[in-house]
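Colleague: With the numbering used here as the guide, the letters of the sequence shown map in order to residues 4 to 82.
Every residue, glycine too, gets a C-beta built ideally from N, C-alpha and C.
As the structure is a prediction and not an experimental result, all values here were calculated from the model.
For reference, the structure I am asking about is given below.
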Amino acid sequence: MSPVMRKTLDVAAAIALTAAVVFIIVVVNTFLVARGSPAYGFNLWYAFIGRPDILGTMVLTAVVTMAYLMWQQGGRPRL
4 MSPVMRKTLD VAAAIALTAA VVFIIVVVNT FLVARGSPAY GFNLWYAFIG RPDILGTMVL
64 TAVVTMAYLM WQQGGRPRL
């Protein structure tokens, strides 16, 4: 697998993990409110995660982090 493809997969994994953590936080927090249910929590999370500014922030954070790590390694791809 090429280094660029590996970095792309790393970025995608970071985005997926971030979305999963937010999902867990939102769904657990919906149980603390009066009308809380798993369906309500999922709908709330889906509305939040679908916003372009949230997606853009997650992608930008992952890309900047990967670029910083590559820069720290001197541009050498991690094998």
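#1: Looking at the unbroken alpha helix (DSSP H) that takes in residue 9, where does it start and where does it end?
#2: Mind checking residue 33: buried by the 16 CB within 10 Å criterion, or exposed?
#3: What do you get for residue 8, buried or exposed, if any count of 16 or more other CB atoms within 10 angstroms of its CB means buried?
#4: Assuming residue 69 contacts residue 10 (C-beta within less than 8 Å), just tell me the rounded distance between them.
#5: For the putative contact between residue 14 and residue 66, defined by C-beta atoms under 8 Å, what is the C-beta separation to the nearest angstrom?
#6: Can you give me the C-alpha to C-alpha distance between residue 50 and residue 44, rounded to a whole angstrom?
Modeller: Inspection of the coordinates gives the following:
#1: Counting from 1 along the sequence shown, the entry for residue 9 is found at position 6. Looking at the DSSP string, the run of the alpha helix (DSSP H) that includes residue 9 is 6-33.
#2: If you number the sequence shown from 1, residue 33 lands on position 30. By the neighbour-count rule (16 or more Cβ atoms within 10 Å), residue 33 is buried.
#3: As a working mapping, residue 8 is identified with position 5 in the sequence shown. With fewer than 16 other Cβ atoms within 10 Å, it is exposed.
#4: The sequence position of residue 69 within the sequence shown is 66, counting from 1. The sequence position of residue 10 within the sequence shown is 7, counting from 1. In this structure residue 69 touches residue 10 by the C-beta definition: roughly 5 Å separates them, less than 8 Å.
#5: The sequence position of residue 14 within the sequence shown is 11, counting from 1. The sequence position of residue 66 within the sequence shown is 63, counting from 1. About 6 Å separates the two Cβ atoms, so the contact holds.
#6: Numbered from its first residue, the sequence shown carries residue 50 at position 47. Numbered from its first residue, the sequence shown carries residue 44 at position 41. If I take the Cα positions, the gap works out to 10 Å.
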